[in-house]
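Engineer:
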């Protein structure tokens with residue numbers, strides 16, 4: 006019985022490791038592409054370990070006249086995510102606050118106000 010549990014654990018960890026590799030590989034490729042020069046990225050000789058590391062791609066993206074303005078994208082993402090969180094929080098908690106408002110307890114209005122806004 007104990008032998009079977011050990012075997013089950015080995016298979017579980019083995020398949021978990023395989024899933025980890027499958028999920029990690031695209032992320033590793035993304036990071037590798039971002040720190041290598043353009044001629045190495047476009048070449049036919051692929052390597053899993055970088056031979057030359059540069060950070061000029063990051064500097065280019067942060068320039069004000071870049072084709073994709075990162076500051077505007079971050080601002081838009083913050084606006085959309087903040088408004089979405091605000092509306093979903095209010096829509097989701099409004100029905101839950103009705104039974105809570107029926108309770109008799111000290112500082113009930115303060116607690117309800119904190120949940121509402």
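In this note's numbering, the protein residues as written are 6 to 122.
Note that the Cβ used here is the ideal one computed from N, Cα and C, for glycine as well.
Alpha carbon to alpha carbon, what distance is there between residue 58 and residue 49?
Structural biologist: 18 Å
Engineer: Note the first and the last residue of the continuous alpha helix (DSSP H) segment covering residue 69.
Structural biologist: No alpha helix (DSSP H) contains residue 69, which DSSP labels as neither H nor E.
Engineer: Alpha carbon to alpha carbon, what distance is there between residue 111 and residue 36?
Structural biologist: 54 Å
Engineer: Could you give the DSSP three-state label for residue 57: helix, strand or coil?
Structural biologist: coil
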